[in-house]
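Under the UniProt record's numbering, read the sequence shown as residues 1 to 189, first letter to last.
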Amino acid sequence: MTSRGEMPRRADAARNREHVLGTARAQLAAGDDSLQLNTIARLAGVGVGTVYRHFPTRQSLLEALAAEPLEDLVERAHAAASHGDFLTALHDLLRYALTRILREPSLGPVLESSTNDDPAVENLRNDFDKSLATLLRGAKRENLVRKDVRPADVRLLLCGVAHALHTAPHTPKQTRTYLQILQSGLTPA
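Okay, here's the thing in structure tokens:
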């Protein structure tokens with residue numbers, strides 16, 4: 001078994017899976033987020049059945065693409081949650097997360113999905129929310145964050161900012177401005 005609880009694959013199956021993931025990654029990098037499995041099979045030079053065997057749904061493909069970036073984001077969130085200055089740690093985490101979501105187009109849809117196909121990915125997203133909850137609790141105790149803000153709210157708002165920035169070419173200044181608007185919206189009135 002692998003670290004994510006998957007069964008070991010034959011070498012050719014593992015190569016095909018990685019080739020499909022590479023093709024899907026290239027599609028996303030080119031701005032095509034449709035991830036139509038039949039198209040990916042054609043572009044990867046593998047059979048449609050091969051793609052569906054590894055990734056029965058578009059969501060499962062997105063989750064496979066997002067797994068490593070999500071693991072990294074969760075590690076950052078855990079580190080932030082152990083920081084003493086909750087508001088600074090929250091702002092730093094939001095900045096890092098937004099940068100990561102903008103760089104990894106598969107990450108946003110996985111973070112904003114109500115459920116994930118892969119239990120390991122679902123657990124990672126829940127771990128991210130737990131770390132956010134720790135940061136929010138600490139900042140709320142100091143009256144630095146609105147009392148009604150939940151981890152899922154922050155996660156979804158972060159994805160919304162990323163989506164807004166993805167809709168058109170954006171500058172670093174716009175990214176900072178949007179992030180500051182999000183951060184300001186979290187503070188009590």
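Beta carbons are placed, not taken as given, at the ideal position from N, Cα and C, and that holds for glycine. Since the model is a prediction, treat every value here as computed from it, not as a measurement.
When the Cα of residue i is compared with those of the options, which residue comes out closest?
i	options	result
residue 82	138, 34 and 95	138
residue 164	27, 37, 182 and 149	182
residue 10	166, 43, 54 and 180	54
residue 112	136, 162, 170 and 20	162
residue 199	79, 59 and 41	Residue numbering for the chain in the displayed model covers 1 to 189; residue 199 lies beyond these limits and cannot be assessed.
residue 76	184, 39, 129 and 16	129
residue 17	44, 118, 27 and 80	44
residue 189	46, 143 and 178	143
residue 102	57, 51, 136 and 167	167
Could you spell out the range, first to last residue, of the alpha helix (DSSP H) harbouring residue i?
i	result
residue 122	119–141
residue 72	58–81
residue 51	48–54
residue 187	First-last for residue 187: undefined, no H or E at that position.
residue 116	That residue, residue 116, is in no alpha helix (DSSP H); it is neither H nor E in DSSP.
Applying the 10 Å Cβ sphere with the 16-neighbour rule, what's the burial state of residue i?
i	result
residue 3	A caution first: residue 3 carries a pLDDT of 47, below 50, which makes its placement in the model too unreliable to give a value.
residue 23	buried
residue 116	buried
residue 48	exposed
residue 1	In this prediction, residue 1 has a pLDDT of 43, which is less than 50 and means its spatial position is unreliable; what the coordinates show is noted afterwards. The residue in question, residue 1, is exposed, as its Cβ has fewer than 16 Cβ neighbours within 10 Å.
residue 99	exposed
residue 118	buried
residue 131	buried
residue 106	buried
residue 169	exposed
residue 172	exposed
residue 29	exposed
residue 97	buried
residue 56	exposed
Between residue i and residue j, which are expected to be in contact by the criterion C-beta below 8 Å, what is the C-beta distance as a whole number of angstroms?
i	j	result
residue 154	residue 63	Incorrect: roughly 21 Å between the Cβ atoms, too far for contact.
residue 51	residue 19	10 Å between Cβ atoms; not a contact.
Is the beta carbon of residue j closer than 9 Å to that of residue i?
i	j	result
residue 94	residue 61	no
residue 186	residue 90	yes
residue 190	residue 124	The chain is shown from 1 up to 189; residue 190 falls before or after that span and cannot be answered.
residue 133	residue 146	no
residue 21	residue 65	yes
Counting only C-beta atoms, is residue i closer than 9 Å to chain C at any point?
i	result
residue 167	Checking the listed chains, one finds no chain C in this structure; it contains a single protein chain.
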